[in-house]
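Chains as they are written, first to last, in my numbering: chain S, 7 to 281; chain V, -5 to 344; chain P, 88 to 514. All C-beta atoms, glycine included, are put in the ideal place defined by N, C-alpha and C.
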Amino acid sequence: MRTERVREVVSHVVLMLGVLVSLFPFYWMLVMASNTTPDIFTYPPKLVLGSHLWENMGNVLDNIDFFGAMLLTLLASLGVTVLVLFFDSLAAFAFAKYEFPGRNLLFGILLVTFMIPSQLALVPQFVTLAEFGWIGSLKALIIPGAANAFGIFWMRQYAKGAIPDELISAAKVDGAGFFRQYLTVGLPVLRPGLAFLGIFTFINVWNDYLWPLIVMTDPNRLTLQVALQQLNGVYGTDYSMVMAGALMSVIPLIGVFIIGGRHFIADIAAGAMKF
Amino acid sequence: MAVSDALRPTATVSTTQDTDPSKRPNRFRQALPQYAAVSPFFVLFAIFGAFPVFFSIWLSFHSWDGIGQMTWVGLEQYSYLLTDPTFWKSITNTLIIWVISTVPMLLLALIIANALHNATRFRSFYRIAYFIPNITSVVAVTMVFGSIFSNNFGLLNAFMTSVGLDKIEWLSQPWGIKVAIATIVAWRWTGYNAIIFLAGLQAISSDIYEAAKVDGASPRQQFWQITVPLLRPVILFTTVTSTIGGLQIFTESQVLFGSSGAIGGPGDGGLTIVSYLYDNAFGSNQFGYGAAIGWALFVLIVLFSIINWRLIGGSDDERLTKRAARRVQRKIAAEQTAAGTAGKESTDAH
Amino acid sequence: MTLTRRKFLALTAGGAAAASGLTGCGSRSSLGAPDELSLWAWTGSVNDDLVAQAAQGIPGAPGKKISLTRIGGDYKTKLLTSLAGKSLVPDIVGLNDDVATYFPNADQFLDLHELGADKFKGDFLEWKWKLGITPENRMMAYPMDTGPTALFYRRDVFEKAGLPTEPADVAAAAPEWDDFIALGKKLKQAVPGSAITDNITSLYQYALAQLPKRYMTPDGAYIGDGDHIKQAWDLAVRVVKEGLSANAQDGSTDANAVVTNGRLVAFVGAVWWAQLGPKNAAPKTKGLWRVTPAPGGPGNRGGSFLAITKYCKDPEAAFAFITWLESAKNQAQSFLDPVLFPSTPASYDDPRMTGPDPFFGGQRIVDVFADSAKKYPGTYFSPYDSIIGDPIKAELVNIEIGSKTSEQAWRDAQKLVDRELTRVGAI
């Protein structure tokens, strides 16, 4: 029993050290965001919180359209998430629960598309969107990512086990068509899976950088990440203001995550075990 | 939208008839709702995935700035690419960053997972604390680390001076830049990998450990001789994901150096393959060349996928045979009209 | 060739999109509301009050307004990407002194000759006016400011080091770069850590900015391997070898930090650096800075242009705006903030320019810069200057960070330039 205790204590020491490393950058971000730039650039550096946080955050709002960028990012993230949840779960439902000619072939193709790195066709994707006249618009952020192979693959795995065949048969007997079956039988059962896929998609779109960097050419309509980098890139910039911006940009997602993250983490781990 | 319009009429079709697999042409008509259901992905992929891929082949044979006229140059982009030292540098940089981030990251993750496994209290606190770096945007994280590694006034240098070491100009040295980028990558992904390892650890039956204890194995022996081998599939999963992620590193160097005009930083020390692509395609508006680099990246990823696949295939024959068996089962089930496969896989589906 | 591309795209992309019903109506308009002309410029390139005035209504174009967007980061990349993106392109854009690199795409901009630019020609410095005109005599860009160079220095630090402190004396003590380096060494002895340039490329570019020729001759011969370039190169290397560079690369956090923290105590810079450098990064040093003629003679670095894109909603209104903004009167106002140096000589006698600047201890800095601007010989910028300059600068950085010797870096730079020029068919 004593060795158990010792092991527990040692584990906690290791874990707390890790937590410190994990969370320190956030503290440091807060320190920089709450001091003035000259304070940051001194030696020895200030390690305690300052009193300029509001001022720095105000400067962020003066320099970039922070809430505009946040709204745009929110719209893009929500837009993609809603479409992905709908399209992916619908396709997954069909793949998991129905027989149709070419099903395996189509699913095989879907898996192959996994292999293609998204950067392969970066340039022609841009050119294609330019021909559509979509560059700079929200469409460019939402439509190309509105359905994805990962989500369909993942939801299919989930649907296979979660949706009892009897329910579908019963719905068929009641005269429900495929889409009704999806709505009344599929969706309710898939809800936990959708929650995971939703958070996953939302976080990915929210944090995406390369694609919005390329397609959002109007500097007044940037996503949060790109706007943040713009704030950072302006020569002669105010460093504590940049950090205040960084802080403001990470808070919403961390907040959401702390509230709803526990199941999400469990699902991520479970997903990895299945590969 | 187009999709729901397509669904409505066909949905009624499927309700009117009963299943009769012997009528061949009917099978397709009957399946129209399902085709409609899976079509959004395929349509979107055709427009934004498949078409650009083929277009990029054509594009890579041209010289084009995206604005003016296109000129046919044949294979010139590719010959320039293969003889461009900067391109090869971007590959070695990417691989070095990948190695110096992945190796310590996986080791640390293993240690943390082990500690998490042993600790019985505060588990959900730890999980959240370790996972938060992963959901934080790379842009914000890179800015913070950029200030930590800053040459003249960075926290790290201040710390080193205070303990009597010499300052290091991290962000001016090609290797220092790589260390900084690798640190960012490792910081973001260690917790994620630890949580996946933890799931792997929890799947190992405690009987094995009990048996080992009876045989008198020390904790260290248990770790290296039971835990690590049994975790191998999970370790391989994390290796595969970090390979794919590692080959696509971009944001870190772009945020650190993007506004300096030289995206790779001093000595191109932080120039990765994707940042080389971005810089040529969208920094210098060489769209044809950008398309060619995309193909080089594709070849690399395929190459590494084959290596990874070999590793998994070679080490885990049992899994492969199981998978093959499942495939056969599925086929048989598919031939019978009843939905037989679902029950079979329900155990591992969630 | 364009036809082939169009056909290809129309057949495939357009076809696929139409079939799926996803294609929107292709918008080919410029940015902003119908009565608004969008203007892109980078930070510190226009006077805020004047733009605010034009945002209410453009003088001479009733009912039209200007909407300014400041672009951070890599401006040129963003502009070219926007042009390639074909939608939401701004109406009016600022272009830097690399204006010639846009000449191959001059058809993306309106010819200002046709809008009647010539009647303003006489108001401007002749060399500046010429820089915006393509070899095909298309006037693509209209002059904004110029970037005369001078030596900025910290009077207090010079005093501490026992060096001359008054502008005239400092200029007399360092007429040539050699003298300036000697001065720098004394500074460093007295105040350890002192630097006379933020980094190697800065110094190189300011040395280059004093020369009457750059990388190519007007008839297209490459001269970037010539003695004049090598001398500027060697000079920059020498400053680094003497330990007089702060090694704070452009765009890094350190680039501002070295000004904020007083490491950079003397610096040959262009006039606009007054704002972007000390005024922004070290407001506490107000009163401590002085300006004097630079070692090595007068020079010009930077100084911008305005161009009207072919997407412009209302070319006449846009032209009315740029001629109003760049009038001698308004250029004088832009000198006060953000220290843009007029390209219209009539501004130099404007009382707003000749006043004392408290940031420079009440010095009349206009005298120093006007002198530099008037004596500056002018130079030729080729469309290829960026693709030549970039590898040269990158190799210089390699020397500063110690990863290459000067000889090797020079060889590699020339090799890279040769490859790039061959690739674009320039040589």
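Close beta carbons around residue i, own chain, < 8 Å, minus the five adjacent residues each side
{"i": "W264 (chain P)", "result": "A294, L322, P382, G383"}
{"i": "R13 (chain S)", "result": "none"}
{"i": "N274 (chain V)", "result": "Q280, Y283, G284, I287"}
{"i": "L250 (chain V)", "result": "T136, G140, L165, I171, A174, I175, G259, G264"}
{"i": "L237 (chain S)", "result": "V66, N69, I70, T243, M247, V248, G251"}
{"i": "Q297 (chain P)", "result": "T236, A381, G383, G384, P385, G386"}
Simplified DSSP state of residue i, which is helix, strand or coil
{"i": "N154 (chain S)", "result": "coil"}
{"i": "R284 (chain S)", "result": "Here chain S covers residues 7 to 281 and nothing more, so residue 284 (chain S) does not appear."}
{"i": "S57 (chain V)", "result": "strand"}
{"i": "N387 (chain P)", "result": "strand"}
{"i": "A176 (chain S)", "result": "helix"}
{"i": "V278 (chain P)", "result": "coil"}
{"i": "A394 (chain P)", "result": "strand"}
{"i": "P198 (chain S)", "result": "helix"}
{"i": "Y215 (chain S)", "result": "coil"}
{"i": "T466 (chain P)", "result": "coil"}
{"i": "D256 (chain P)", "result": "helix"}
{"i": "P251 (chain P)", "result": "coil"}
{"i": "L298 (chain P)", "result": "coil"}
{"i": "G364 (chain P)", "result": "helix"}
{"i": "T65 (chain V)", "result": "strand"}
{"i": "S84 (chain V)", "result": "helix"}
{"i": "V157 (chain V)", "result": "coil"}
{"i": "K373 (chain P)", "result": "coil"}
Any chain A beta carbon closer than 9 Å to residue i
{"i": "G139 (chain S)", "result": "Among the chains of the structure shown, chain A does not appear; the protein chains present are S, V and P."}
For residue i, the residue or residues it bridges with in DSSP
{"i": "A237 (chain P)", "result": "P:G356"}
{"i": "G282 (chain V)", "result": "G282 (chain V) is not bridged to any residue."}
{"i": "P230 (chain P)", "result": "P:F392"}
{"i": "F332 (chain P)", "result": "In the sequence as displayed, the identity of residue 332 (chain P) is Ser instead of Phe. Its beta-bridge partners are P:T284."}
{"i": "I158 (chain P)", "result": "P:W129"}
{"i": "T379 (chain P)", "result": "P:L238"}
{"i": "L182 (chain P)", "result": "P:F392"}
{"i": "E246 (chain P)", "result": "The partner list for E246 (chain P) (beta bridge, DSSP) is empty, contrary to what the question assumes."}
{"i": "S117 (chain P)", "result": "P:V176"}
Spatial neighbours of residue i in its chain, beta-carbon cut-off 7 Å, leaving aside the 5 residues before and after
{"i": "T288 (chain P)", "result": "D337, K480, L483, V484"}
{"i": "L351 (chain P)", "result": "A282, D285, A333, V345"}
{"i": "K273 (chain P)", "result": "A248, L250"}
{"i": "V455 (chain P)", "result": "A237, V378, T379, P380"}
{"i": "D210 (chain P)", "result": "A415, T431, A433"}
Same chain, Cβ closer than 6 Å to residue i, neighbours up to 5 away in sequence not counted
{"i": "D311 (chain V)", "result": "With a pLDDT of only 46 at D311 (chain V), under 50, the local geometry of the prediction cannot be trusted, and the value read off the model is given with reservation. So no residue of the chain qualifies."}
{"i": "F468 (chain P)", "result": "A187"}
{"i": "G194 (chain V)", "result": "L225, V228"}
{"i": "V(-3) (chain V)", "result": "Residue confidence is low: V(-3) (chain V) scores 35 on pLDDT, short of 50, so the model does not pin down where it sits. No coordinate-derived value is stated."}
{"i": "Y270 (chain V)", "result": "S84"}
Check: residue i C-beta below 8 Å from any heavy atom of the ligand ADP
{"i": "L112 (chain S)", "result": "In the structure on display, the ligand ADP does not appear, and there are no ligands present to speak of."}
Residue ranges of each alpha helix (DSSP H) within the region 225 to 256 of chain V, 4 or longer: 245 to 251
Taking one C-beta from the region 207 to 214 of chain S and one from the region 77 to 94 of chain S each time, how about it: are there three or more such pairs within less than 8 Å? yes
Using a Cβ distance threshold of 8 Å, determine whether the region 143 to 150 of chain P contacts the region 28 to 35 of chain V, with at least three qualifying pairs required. no
Any contact between the region 462 to 482 of chain P and the region 500 to 510 of chain P? By contact I mean 3 or more CB pairs, one from each, below 8 Å. yes
contact_flag[the region 226 to 234 of chain P, the region 197 to 207 of chain P] where n(CB pairs < 8 Å) is 3 or more: yes
Is the region 328 to 340 of chain P in contact with the region 354 to 364 of chain P, if contact means three or more CB pairs nearer than 8 Å? no
Beta strand (DSSP E) segments (min. 3 residues) lying fully within the region 104 to 139 of chain V: none
Touching or not, the region 189 to 207 of chain V and the region 155 to 164 of chain V, by the rule of three or more beta carbon pairs under 8 Å? no
Should the region 427 to 445 of chain P be regarded as contacting the region 247 to 254 of chain P, the criterion being three or more beta carbon pairs within less than 8 Å? no
Tell me, please, whether the region 212 to 229 of chain S touches the region 130 to 140 of chain P by the rule of three or more beta-carbon pairs shorter than 8 Å. no
At what residue ranges does the region 9 to 45 of chain S contain a whole run of the alpha helix (DSSP H), taking only runs of 4 or more? none
Check whether the region 118 to 132 of chain V touches the region 175 to 191 of chain V, taking contact to mean three or more Cβ pairs, one atom from each stretch, closer than 8 Å. yes
With three or more C-beta pairs closer than 8 Å as the rule, is the region 103 to 112 of chain V touching the region 14 to 33 of chain S? yes
Can you check the region 195 to 230 of chain P for any alpha helix (DSSP H) of at least 4 residues that lies completely inside it and give the ranges in chain order? 213 to 218
Take every Cβ of the region 155 to 162 of chain P, pair it with every Cβ of the region 440 to 460 of chain P, and state whether three or more of those distances are shorter than 8 Å. no
Could you check whether the region 162 to 182 of chain P touches the region 388 to 397 of chain P, counting it as contact only if at least three pairs of C-beta atoms, one from each stretch, sit closer than 8 Å? yes
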